[in-house]
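Undergrad: In terms of the UniProt record's numbering, the sequence shown opens at residue 1 and continues consecutively. Dropping the structure in here first, questions after.
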Amino acid sequence: MSDRAFNSPAKSRPSSAGPDSGSDDEEIIVIDPDLIIFTSYLKYRDNKRWKTRYGVLTKISPAAGKTAN
Numbered sequence: 001m002s003d004r005a006f007n008s009p010a011k012s013r014p015s016s017a018g019p020d021s022g023s024d025d026e027e028i029i030v031i032d033p034d035l036i037i038f039t040s041y042l043k044y045r046d047n048k049r050w051k052t053r054y055g056v057l058t059k060i061s062p063a064a065g066k067t068a069n
């Protein structure tokens, strides 16, 4: 699997993104490349305005529901 998500910082924005498309409360999370399904910029609607964000779609971790004994 490509590690494109690791080559592009989560806070980077395309040139078409407006000044309101980034916020200071964003969190950068390191993800195992084997869990990544899709990475891209996406647009979503917030009230009447379209916003652009960088998104990473991942598989659910197999260890998510397990408890340590």
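Backbone N, C-alpha and C define an ideal beta-carbon position, used for all residues, glycine too.
Ordered along the chain, which non-local residues of its own chain (more than five positions away) have a Cβ less than 7 Å from that of LYS59?
TA: LEU35, ILE37, listed in sequence order.
Undergrad: For LEU42, which of GLU27, ALA63, SER61, VAL56 has the nearest alpha-carbon?
TA: Nearest of GLU27, ALA63, SER61, VAL56 to LEU42, Cα basis: VAL56.
Undergrad: If we count the other Cβ atoms within 10 Å of its Cβ and call it buried at 16 or more, is TYR54 buried or exposed?
TA: Buried is the call here.
Undergrad: LYS51 to ILE28, Cα distance in whole Å?
TA: Distance between the alpha carbons of LYS51 and ILE28 is about 19 Å.
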